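The sequence shown begins at 738 in this note's numbering and counts up one residue at a time. Data block below; observations after.
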Amino acid sequence: MRVRHSLAAATLGGLLALGAVAAPTHAAPTHAAPAGAGASAADQAPDWTPSNAPADAQACGVEPTTNGYGGATVSKSIYLRTGPSSTCDDIYPKLLVDQRLGGWCYYRNSAGNLWYYVSTGGAAPYGWIYGGNITGEETIKTRCNV
738 MRVRHSLAAA TLGGLLALGA VAAPTHAAPT HAAPAGAGAS AADQAPDWTP SNAPADAQAC
798 GVEPTTNGYG GATVSKSIYL RTGPSSTCDD IYPKLLVDQR LGGWCYYRNS AGNLWYYVST
858 GGAAPYGWIY GGNITGEETI KTRCNV
C-alpha cells in the first residue's frame, strides 16, 4: 500500500512538473461582489468586443489614402493623433502655433467632431488633428476614405 501511495504521488508530481495537470493555487471565491461594490468602472474590463466596439475605438491607427488639396494652420500647440479621436495616441513631435500643415482630407467621427488628416508641410509625420485646433481648414474639401 505504501508503495502504491508513493508511486501515485511521484506520478502526480511528475505531471505537475511537466505542466500536464494544473493544480489550484488559491480557492475560488464563493460569491461574486455585487455590481459597483468596491471596484470602479476603470478597474473593470471593457464591455465590448471588436464587433460591437465604439466606432472611435477602432479608428486609431487609421491612415486614409485620400489626398486632396488644402491646408491649415495650427492654432494650439498640440500633437497629431493616430486616429480621429482624442483617445488615440499622440504622434511626436508636438506641433507649434502658426505651423503650416498640408491637408489631405476631413472626417466627422461618431461624436460629430470634425477631424483632419494632415502632414507637416507635405512630409512625415502624418496624422489627425481636431478641427478646433487649426484655422484655415476650409480649404480641405476632400472627404477621407475611412
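Each residue gets a CB set at the ideal place from its N, CA and C atoms; glycine is no exception. Since this is a predicted model, take the numbers as computed values, not measurements.
query	result
C-alpha gap between Gly798 and Lys831, whole angstroms	18 Å
Straight-line Cα distance separating Arg837 from Gly858	6 Å
Under the three-state DSSP convention, the category Gly839 falls into	strand
Alpha-carbon spacing of Val834 relative to Ile815, whole angstroms	8 Å
Closest Cα partner of Gly868 within the set Asp827, Cys825, Thr824 and Thr810	Thr810
Simplified DSSP state of Gly868, which is helix, strand or coil	helix
According to DSSP, residues forming a beta bridge with Thr802	Bridge partners of Thr802: none, in fact.
Spatial distance of Ile866 from Thr819 (CA atoms)	9 Å
As assigned by DSSP and simplified to three states, the class of Ser788	Interpretation of Ser788 is limited by its pLDDT of 40, a score under 50 that renders its predicted location unreliable; the figure taken from the coordinates is listed afterwards. The answer is coil: DSSP assigns Ser788 none of H, G, I, E or B.
Distance CB(Trp841)-CB(Thr803) smaller than 8 Å	yes
With 16 other Cβ atoms within 10 Å as the buried cut-off, status of Tyr806	exposed
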